[in-house]
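Residue numbers (the UniProt record's numbering): 1 to 341.
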């Protein structure tokens, strides 16, 4: 949904209606009333919903009257990716934050401000909404976290923030069954993150703790692929579990931990070898960057996975990329490689 098709004078009212329909009714005002801009996308995840918003600076207020008129009885978690935001609820105030998250309860009044990084800029935010009764933690405990800033740069907060970004960017390509699973994992991650903030992890169900642990492991592997010492034993030790327990966790995925690490490393190497901008980087350097310390082992593993050697793959991929670039239409309507008269 975009304000592009809406007259400039009506865009703020249009966005107010979008927010009321997709999140909750609010009173919204903006100093950019004459040139206000907004875009929104919303995706249903079964029991949850992920929404992405881009908008000009604004101030919003949800009053007790708004709550009485419409209340989905949800918790909503906002992640600000560009610009800054502040939120006040339940006598708590987050202060301005960016890159972090804040939780609010739709059954309570609240106020918030959104401020772009520069004059005329826009704020970008992702909101995860889910039923309040789906929260595995007691309501009285969660109240303590309303409008409190949750760091998105480290620990479980970083994993949750990255997951929300991934949902916003890629979940629309998934089927209904996959979306339901993504929604379940999202709620588990929120529960694990909030339980960590409160020190009440024991209140989570064993299933929720397991799913959250798997996401932590996936994030750890993702960020450490270049470390040649990243092994199943190292992963298990880092997360305080036995190697046998780790293998059991991944048994239902049809791929061992070691195979998953190897596959991800090969995928990164393949992407780098296909990049014309990295053509002068030796193959063995690319391999070492992603944790392969033995060039011959890497070459053999790559051939087994893709049916060609790393060097042959690079030459073919780069030729195709350059050919596509040459044949791309230019602004004058001819292909990039055509000679102009």
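Note that the Cβ used here is the ideal one computed from N, Cα and C, for glycine as well.
Euclidean distance between Cα positions of residue 28 and residue 222:
Along the chain shown, one-based indexing puts residue 28 at 28. Along the chain shown, one-based indexing puts residue 222 at 222. Cα atoms of residue 28 and residue 222: separation of roughly 40 Å, rounded to the nearest angstrom.
Considering only residues of the same chain and omitting the five flanking positions on each side of residue 116, which have a CB-CB separation below 6 Å?
Here residue 116 corresponds to residue number 116 of the chain shown, with the count starting at 1. Non-local C-beta neighbours of residue 116 in its own chain, meaning closer than 6 Å and more than five positions away in sequence, comprise 57, 83, 122, 123, ordered along the chain.
Pick helix, strand or coil for residue 224, following the three-state DSSP scheme.
Against the chain shown, residue 224 aligns to sequence position 224. Coil, per DSSP.
Enumerate in chain order the residues of its own chain whose CB-to-CB distance from residue 54 is below 6 Å, with the five nearest sequence positions on each side excluded.
In the chain shown, the residue the question calls residue 54 occupies position 54. 39, 122, 124, listed in sequence order.
Helix, strand or coil for residue 331 per DSSP?
Taking the chain shown and counting its residues from 1, the one referred to as residue 331 is at position 331. Because the pLDDT at residue 331 is just 49, under 50, the model does not fix this residue reliably, and the value given afterwards should be weighed accordingly. Three-state DSSP puts residue 331 in coil, outside helix and strand.
Determine the burial state of residue 304: buried for a count of at least 16 other Cβ atoms within 10 Å of its Cβ, exposed for fewer.
By 1-based counting over the chain shown, the position of residue 304 is 304. Around the beta carbon of residue 304, fewer than 16 other beta carbons lie within 10 angstroms, which makes this residue exposed.
Is it the case that the region 83-97 contacts the region 132-140, given that we only count it when at least three CB pairs across the two stretches are under 8 Å?
Not touching, per the Cβ criterion.
Would you identify the three-state DSSP class for residue 147, choosing helix, strand or coil?
Your numbering for residue 147 matches position 147 in the chain shown. In this structure, residue 147 counts as coil in the three-state DSSP scheme.
Exposed or buried, which one is residue 255 when buried takes at least 16 other CB atoms within 10 Å?
Residue numbering aside, residue 255 sits at position 255 when the chain shown is read from its first letter. So residue 255 ends up on the exposed side.
Given that a residue counts as buried once 16 or more other Cβ atoms are within 10 Å of its Cβ, and exposed if not, what is residue 282?
Here the question's residue 282 lines up with position 282 in the chain shown. Residue 282 sits exposed, since fewer than 16 C-beta atoms from the chains shown fall within 10 Å of its C-beta.
Based on the DSSP output, what are the partners of residue 104 in its beta bridges?
Working through the chain shown from its first residue, we reach residue 104 at position 104. Here residue 104 is bridged, per DSSP, to 76.
So, is residue 175 buried or exposed, given that buried needs 16 or more other C-beta atoms within 10 angstroms?
For the purposes of this step, residue 175 is taken as residue 175 along the chain shown, with counting starting at 1. Residue 175 comes out exposed.
Please classify residue 135: does DSSP put it in a helix, a strand, or coil?
Position 135 of the chain shown, counting from 1, holds the residue named residue 135. Of the three classes helix, strand and coil, the one that applies to residue 135 here is coil, per DSSP.
Three Cβ pairs or more, each shorter than 8 Å: is that satisfied between the region 151-165 and the region 107-115?
Contact fails: fewer than three Cβ-Cβ distances are below 8 Å.
With a threshold of 16 other CB atoms inside 10 Å of the CB of residue 215, please say whether the residue is buried or exposed.
Reading the chain shown from its first residue, position 215 is the one you call residue 215. Counting Cβ neighbours within 10 Å, residue 215 comes out buried, since at least 16 surround it.
Could you work out which residue in 134, 106, 182 is closest to residue 65 when comparing CA atoms only?
Counting from one through the chain shown, the residue named residue 65 turns up at place 65. Per the Cα distances, 106.
Cβ-based neighbour list, residue 299, same chain, cut-off 7 Å, excluding 5 preceding and 5 following:
Sequence index remark: in the chain shown, residue 299 carries index 299 (1-based). The beta carbon of residue 299 sits closer than 7 Å to the beta carbons of 309, 310 from its chain, once the five residues preceding and following it are set aside; these are given in chain order.
Hey, out of 248, 225, 258, whose CA is closest to residue 265's CA?
Translated into positions along the chain shown, residue 265 becomes position 265. Out of 248, 225, 258, the CA that lies nearest to the CA of residue 265 is found in 225.
If we ignore side chains and look at the alpha-carbon of each, how far apart do residue 235 and residue 277 end up?
The residue given as residue 235 occupies position 235 in the chain shown. The residue given as residue 277 occupies position 277 in the chain shown. Residue 235 and residue 277: Cα-Cα distance of roughly 33 Å.
Measuring alpha carbon to alpha carbon, tell me which residue in 52, 9, 24 is nearest residue 32.
Position 32 of the chain shown, counting from 1, holds the residue named residue 32. When 52, 9, 24 are compared, the shortest CA-CA separation from residue 32 is found for 9.
Run through the region 205-256 for me and flag every whole alpha helix (DSSP H) of 4 or more residues, listed as ranges in chain order.
Runs found: 206-223, 232-238, 243-250.
For a quick check, are the C-beta atoms of residue 168 and residue 52 less than 8 Å apart?
Position 168 of the chain shown, counted from the start, is the residue given in the question as residue 168. Position 52 of the chain shown, counted from the start, is the residue given in the question as residue 52. Their beta carbons are under 8 Å apart, which means residue 168 touches residue 52 by this criterion.
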